[in-house]
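> Take 7 as the starting number for the sequence shown in the numbering used here and just add one per residue.
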Amino acid sequence: MSHHPAQTLRFLVPAILLTAAGLFCTALALDDPQSTESAFYSVLANVLLVLGVINFAVHAVAVLLRRHEMWRNSHFVEVTETEE
């Protein structure tokens with residue numbers, strides 16, 4: 007049985023890791039702004055932070071869709087017609 011992505015934290019864990027790595031690269035870039043590695047760390051930090059934000063957004067949408075699906079299942083009853 008496959009679980010919903012919101013249950014497995016499939017997007018949340020990478021979002022946290024990518025954001026943390028992006029913040030670490032930002033700190034490295036700001037440590038010595040005049041070095042040649044600073045530009046590389048700055049670009050890498052931006053890419054990692056963007057990927058982290060995208061994963062946070064996808065996780066949020068997955069959670070909202072799961073809650074909406076659970077709400078629909080608990081509030082709507084399928085009406086079936088019987089032949090009498």
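For each residue, glycine too, the CB sits at the ideal point set by N, CA and C.
Starting from the C-beta of Met7, find all residues in its chain whose C-beta is less than 6 angstroms away, skip the five residues before and the five after it, and write them out in chain order.
Unreliable placement is indicated for Met7, whose pLDDT of 49 sits below 50; the coordinate value is still reported in the next sentence. Excluding residues within five positions, none has a Cβ falling inside 6 angstroms.
> Taking three-plus beta-carbon pairs below 8 angstroms as touching, is the segment 67-75 in contact with the segment 24-38?
Not touching, per the Cβ criterion.
> Using 10 angstroms around the beta-carbon of Ala33, count the other beta-carbons present and answer buried if the total reaches 16, otherwise exposed.
Ala33 is exposed by the Cβ-count criterion.
> With Ala6 and Asn52 assumed to form a contact (beta carbons below 8 angstroms), what rounded beta-carbon distance in angstroms separates them?
Lying outside 7 to 90, the shown extent of the chain, residue 6 is not represented and no answer is given.
> How is Phe17 classed by DSSP in three states: helix, strand or coil?
Coil, per DSSP.
> What is the rounded straight-line gap between the Cα of Gly58 and the Cα of Leu50?
If you take the alpha carbons of Gly58 and Leu50, they lie about 12 angstroms apart.
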